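Undergrad:
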Amino acid sequence: MKVFEKQSNVFRILSEAVSEGIVVVNKDQIIVATNGSADEIFGYDTKELLGKSLNVLIPQKYHHSHKDHFEGFVTHSEKRNMGRGRDLFGVRKDGTEFPVEAGLNPFTIYDNDYVMALIIDITQRKEHEQKIKELNTQLEHKIEERTEELHHTIKELKEEVKLRQEAEAKMKESLKKERDLNELKTKFLSLVSHEFKTPLGGILTSATLIGKYTKEEQQLKRDKHLDTIKNKVKYLDNILNDFLSIERLETGKVNYKFSHFPLSKVINEVVYNANMLLKDGQRINYPIDIDDYMVEFDEKIIELVLSNLIHNAVKYSGENTVIDLQVSFENEMLAFRIIDQGIGIPEKEQQFIFKRYFRAENALLDQGTGIGLNIVKSHLENLGGSITFTSKEGQGSTFIVKIPIITNHGKQ
Ligand code: ADP
Numbered sequence: 016m017k018v019f020e021k022q023s024n025v026f027r028i029l030s031e032a033v034s035e036g037i038v039v040v041n042k043d044q045i046i047v048a049t050n051g052s053a054d055e056i057f058g059y060d061t062k063e064l065l066g067k068s069l070n071v072l073i074p075q076k077y078h079h080s081h082k083d084h085f086e087g088f089v090t091h092s093e094k095r096n097m098g099r100g101r102d103l104f105g106v107r108k109d110g111t112e113f114p115v116e117a118g119l120n121p122f123t124i125y126d127n128d129y130v131m132a133l134i135i136d137i138t139q140r141k142e143h144e145q146k147i148k149e150l151n152t153q154l155e156h157k158i159e160e161r162t163e164e165l166h167h168t169i170k171e172l173k174e175e176v177k178l179r180q181e182a183e184a185k186m187k188e189s190l191k192k193e194r195d196l197n198e199l200k201t202k203f204l205s206l207v208s209h210e211f212k213t214p215l216g217g218i219l220t221s222a223t224l225i226g227k228y229t230k231e232e233q234q235l236k237r238d239k240h241l242d243t244i245k246n247k248v249k250y251l252d253n254i255l256n257d258f259l260s261i262e263r264l265e266t267g268k269v270n271y272k273f274s275h276f277p278l279s280k281v282i283n284e285v286v287y288n289a290n291m292l293l294k295d296g297q298r299i300n301y302p303i304d305i306d307d308y309m310v311e312f313d314e315k316i317i318e319l320v321l322s323n324l325i326h327n328a329v330k331y332s333g334e335n336t337v338i339d340l341q342v343s344f345e346n347e348m349l350a351f352r353i354i355d356q357g358i359g360i361p362e363k364e365q366q367f368i369f370k371r372y373f374r375a376e377n378a379l380l381d382q383g384t385g386i387g388l389n390i391v392k393s394h395l396e397n398l399g400g401s402i403t404f405t406s407k408e409g410q411g412s413t414f415i416v417k418i419p420i421i422t423n424h425g426k427q
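Using this note's numbering, the first residue of the sequence shown is number 16, and each one after it goes up by one.
(1) So, using beta-carbon positions, are I317 and V281 closer together than 8 Å?
(2) Please confirm whether any heavy atom of the ligand ADP lies closer than 7 Å to the CB of G333.
(3) Which residues bound the alpha helix (DSSP H) around R352?
(4) Using the C-alpha atoms, what's the distance from I305 back to F344?
(5) Return the Cβ separation of Y331 and I353 in integer angstroms, given the expectation that the two are a contact with Cβ distance under 8 Å.
(6) So, helix, strand or coil for Y77, using DSSP?
(7) Measure from the alpha carbon of M348 to the alpha carbon of each residue in S80, I420 and T61, then state which is nearest.
(8) What three-state label does DSSP hand E291 in the structure shown?
(9) Any beta carbon of chain D sitting closer than 8 Å to that of V285?
(10) Return yes when the C-beta of D313 is under 7 Å from any heavy atom of the ligand ADP, and no when it is not.
(11) Following the continuous beta strand (DSSP E) through N127, name the residue where it begins and the one where it ends.
(12) Would you identify the three-state DSSP class for E334, choosing helix, strand or coil?
(13) Mind checking K417: buried by the 16 CB within 10 Å criterion, or exposed?
(14) In chain order, what residues of the same chain have a beta carbon less than 7 Å from the beta carbon of D313, not counting five sequence neighbours either side?
(15) Can you grab the Cα-Cα spacing for the pair E408 / Q366, in whole Å?
(16) Would you mind stating whether I218 and R237 have Cβ atoms separated by less than 8 Å?
(17) Is any non-hydrogen atom of the ligand ADP found closer than 7 Å to the C-beta of I443, if you look at the structure I gave you?
(18) Quick one: what does DSSP say E408 is sitting in, helix, strand or coil?
(19) Can you name, in chain order, every residue of its own chain whose Cβ lies under 7 Å from the Cβ of L35, other than the five neighbours on each side?
(20) Given M16, which residues of its chain have a CB within under 6 Å of its CB, disregarding the five upstream and five downstream residues?
(21) Comparing C-alpha positions only, which one of T49, D43 and N41 sits nearest to V33?
(22) How long is the line joining the alpha carbons of N70 and E155, rounded to whole angstroms?
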């Protein structure tokens, strides 16, 4: 202590030049020297702190821990910063507490140990740190809000994209429908031009010839031409019906009518009509013992299916061949087999046979539109039925149709 009293002027001159507060304590923690900054920081008059315990500058609640700390520090006696990693507080004369940063420097003069504490009032820095913390928190909140908003916008955008995609898909679908319908019209026009030309020419020739056979004994010739006319009109009528059928299937306007009818009625009608188209020596075998069978189905559809398949069998088979129409009941299904000994379908083209307008290469010499099988399949599928086939080029084809029906085996 005496040292500092003696040298007080030297200490004063040196310490007053330092802006940090300087507090020197002896090993008993008694303050032996302070500079003006320290007095000012802690709110004391000059020299007022001298002889006081260091504890007057430390808040009561830290006294205990500080004592241990100080003793440990003097024992190890090394220079260091206090408060790194934890908050240090000082207490002013008026009792107010404030945050400080302290650097401790132990030294010895004439065998006496001292510690010089360099003290900075970091109230402002803490305030700034607090401000920065608050600003950071605000920023984080803002970022969170913005992120939330962004998520929301992304969600809205995704929904918008989904709606647009749906609208686009709808538009594409209606465009496709329109294109299909246009294609249908174009096809129809080209078919009318090509497919109708030959039969219409035939009808005109037959009609002209009929006009020339005026004699009574020429009735046979007249009948023959009348058959040709009927035949060709029937052919044209079939094409028109096919087109109407496609249009109805396409626009979803098909109305199926279920009724109860004898199976033999439809078969007889179909075979009767097909007989008019037979080539020389062709014959249709069909079951004659089915008078008892009553079925519940759309009669017109069975007729359409069978006549299409039998007409194809006739058309794509040569003279002197047999066409077989077989009927059987297989597990709640009524099965028809139409078997011919005709040109068959080339293997590589079999996969396309139900595609609309598709015609196999070996069939192109015969008249046709490539529509029939497509319609047949659509109707059958609509009604829970099916159509399959097996075929060998040059040997013949077998078409198998199955439809779900309620049969009634027994006379009505
Ligand atoms: P179209 O007979 O008017 O061409 P379809 O849709 O009825 O139209 O038949 C499509 C194609 O399937 C035919 O062009 C032909 O190539 C082939 N086809 C259908 N039935 C037979 C059959 N019984 N024998 C050989 N080929 C057939």
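Glycine residues also receive a C-beta, built at the ideal position from the N, C-alpha and C atoms. All of these numbers come straight from a predicted model, not from anything done at the bench.
TA: Inspection of the coordinates gives the following:
(1) yes
(2) no
(3) Per DSSP, R352 belongs to no alpha helix (DSSP H); it is in the beta strand (DSSP E), M348 to I354.
(4) 11 Å
(5) At roughly 11 Å, the Cβ-Cβ gap does not stay under 8 Å, so Y331 and I353 are not in contact.
(6) helix
(7) I420
(8) In the sequence under discussion, the amino acid at residue 291 is Met, which differs from the Glu named in the question. Looking at M291 - three-state DSSP - the assignment turns out to be coil, as it is neither helix nor strand.
(9) The structure shown contains no chain D; it is built from a single protein chain.
(10) no
(11) N127 to D136
(12) coil
(13) buried
(14) Y271, K272, F273 and L398
(15) 14 Å
(16) no
(17) Given a span of 16 to 427 for the chain in the structure shown, any question on residue 443 remains unanswerable.
(18) coil
(19) Looking at the sequence shown, residue 35 is not Leu but Glu. Cβ neighbours of E35 beyond the five flanking positions: S52, L133, I134 and I135.
(20) The predicted position of M16 is uncertain, since its pLDDT is 47 and thus under 50; no value can be drawn from it.
(21) T49
(22) 41 Å
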